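A.B. asks: Numbering (this note's numbering), first residue to last: 2 to 248.
Positions of the beta carbon are idealized from the N, C-alpha and C atoms, including for glycine.
Small disclaimer: the values here were computed from a predicted structure and weren't measured.
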Amino acid sequence: MNDTHPLPARKKARTLAHSVVAHISDMIRDGRIAPGEKIPSEAEVIATLGVSRSVVREAVSQMQAAGLVETFQGIGTFAVAGAPQPMGMATEGVVTMKDVLALLELRISLETEAAGLAASRRTDSDLARIHAALAHFLALCRSGAETAQADTAFHLSIAHAADNRFLYDTLNHLGTRLLPEARKNTVQFTRDAPSVYIERVTREHDDIVTAIVRRDPESARAAMRTHLSNSRERLRRAYEAHEAKSG
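(1) Are the stretch 102-116 and the stretch 227-242 in contact at 8 Å, needing three or more beta carbon pairs?
(2) When you compare each of ILE34, HIS156, HIS137, SER20 to THR49 by their alpha carbons, which one comes out closest?
(3) Distance, Cα to Cα, LEU175 vs HIS161?
(4) Could you say which of ILE159, LEU168, ARG235, ALA80 lies nearest to ASP207 if we only look at CA atoms?
(5) Could you give the distance in angstroms between the alpha-carbon of SER220 and the alpha-carbon of ARG54?
(6) Whether or not the stretch 119-135 and the stretch 149-158 are in contact is what I'm after, with contact meaning three or more pairs of Cβ atoms, one per stretch, closer than 8 Å; do they touch?
(7) Quick test of your reading: ALA151 and ALA119, contact by CB under 8 Å. State the CB separation rounded to the nearest angstrom.
(8) Looking at the unbroken alpha helix (DSSP H) that takes in GLU112, where does it start and where does it end?
(9) Grouping DSSP H, G and I as helix and E and B as strand, with all else coil, what is THR72?
(10) From which residue to which residue does the beta strand (DSSP E) around THR78 run?
(11) Suppose contacts are defined by Cβ-Cβ distances below 8 Å. Is GLU38 in contact with VAL57 by that definition?
(12) With 16 other CB atoms within 10 Å as the buried threshold, where does PRO269 fall?
(13) Exposed or buried, ASP294, counting other C-beta atoms within 10 Å across all chains shown (16 or more means buried)?
(14) Can you list, in chain order, the residues of its chain whose CB lies under 7 Å from that of HIS22, leaving out five sequence neighbours each side?
(15) Are LEU69 and ILE29 touching if we call contact CB-CB under 8 Å?
(16) Using a Cβ-Cβ cutoff of less than 6 Å, which residues in the same chain neighbour MET98 once the five nearest sequence positions on both sides are dropped?
(17) From THR113 to ARG226, what distance separates their C-alpha atoms?
(18) Tell me the rounded alpha-carbon separation between ASN165 and THR203.
(19) For the alpha helix (DSSP H) that ASN231 lies in, which residues bound it at each end?
(20) Does TYR169 pass the burial test, meaning 16 or more other C-beta atoms within 10 Å, or should it be called exposed?
(21) Anyone know if the C-beta pair for ALA116 and ALA224 falls short of 8 Å?
(22) Measure the alpha-carbon distance for ILE40 versus ALA154 and round it to whole angstroms.
(23) Please confirm whether any heavy atom of the ligand ATP lies closer than 7 Å to the CB of GLU219.
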């Protein structure tokens, strides 16, 4: 039976609200909005991001609940002094190889569950996004181009299909802030030969997507765990070989 249907309106609204939250949260975190300062007005956010008034209000409600902002009737909405930051998630915290491996362990835990939820909850629109992200990633692999951003986009497409905003936001933070920093600390380690690498990543990624297509949560979890655990083990072995050679 063909289960094609449009992205549910409520899910679409939540996703748009998340983009507004991310936009304003980034402005608070990087100092463009100081503690106690007004956040952009509804009209400014609508003009910048092209979302509706209801989406902006939903985003503000989410930020209020998270303690990022505070609204005063008739005055406006302000960034909260000392707004909570993700514990242990600062980019400067990824320094040693132990940090990088620990970050991969966190990804294994979170992304394994994200894959299982995606297999249970995905829509046809989610599948289209996942397939497109995978095709782009593999095309870059075969051309020998840089694949880091495309790989992140593929994993985030699965997190999006899991339909859990807290899980998505955490993985988005990892993928856009911490993983690039981690990669800086591992660039000196030799990767597999191109043909071996392409064959492996194609197989491992296909296994994940196939399970999500089949709506098989346990197989999706197993495939994602295998993929990320293999990555961690390969990095650990490469690091140990590098240390033995240099020391």
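C.D. replies: Taking the structure as given:
(1) They touch, by the three-pair rule.
(2) Among ILE34, HIS156, HIS137, SER20, the Cα nearest to that of THR49 belongs to SER20.
(3) Those two C-alpha atoms are separated by around 14 Å.
(4) Nearest C-alpha to ASP207: ILE159.
(5) Each residue's Cα considered, the two are about 41 Å apart.
(6) Segments in contact, yes.
(7) With a Cβ gap of about 18 Å, ALA151 and ALA119 do not count as contacting.
(8) That run of the alpha helix (DSSP H) goes 98-122.
(9) In this structure, THR72 counts as strand in the three-state DSSP scheme.
(10) Its beta strand (DSSP E) spans residues 77-80.
(11) Their beta carbons are not under 8 Å apart, which means GLU38 does not touch VAL57 by this criterion.
(12) No answer is possible for residue 269: it lies beyond the span of the chain, which begins at 2 and ends at 248.
(13) Shown here, the chain extends from 2 to 248; a query on residue 294 therefore has no answer.
(14) Checking the sequence shown, residue 22 turns out to be Val, not His. If you ignore the 5 residues before and after VAL22, its C-beta comes within less than 7 Å of the C-beta of ALA60, GLN63, MET64, all in its own chain and listed in chain order.
(15) Closer than 8 Å, so yes.
(16) Within the same chain, MET98 has close Cβ partners TYR240.
(17) C-alpha separation (whole angstroms): 6 Å.
(18) So the two alpha carbons sit approximately 27 Å from each other.
(19) Counting along the chain, the alpha helix (DSSP H) containing ASN231 begins and ends at 218-247.
(20) TYR169 is classed as buried because its beta carbon has at least 16 other beta carbons within 10 Å across all chains shown.
(21) Cβ atoms of ALA116 and ALA224: closer than 8 Å.
(22) Between the alpha carbons of ILE40 and ALA154 lies a distance of about 28 Å.
(23) The ligand content of the structure shown is nil, which means the ligand ATP is not present either.
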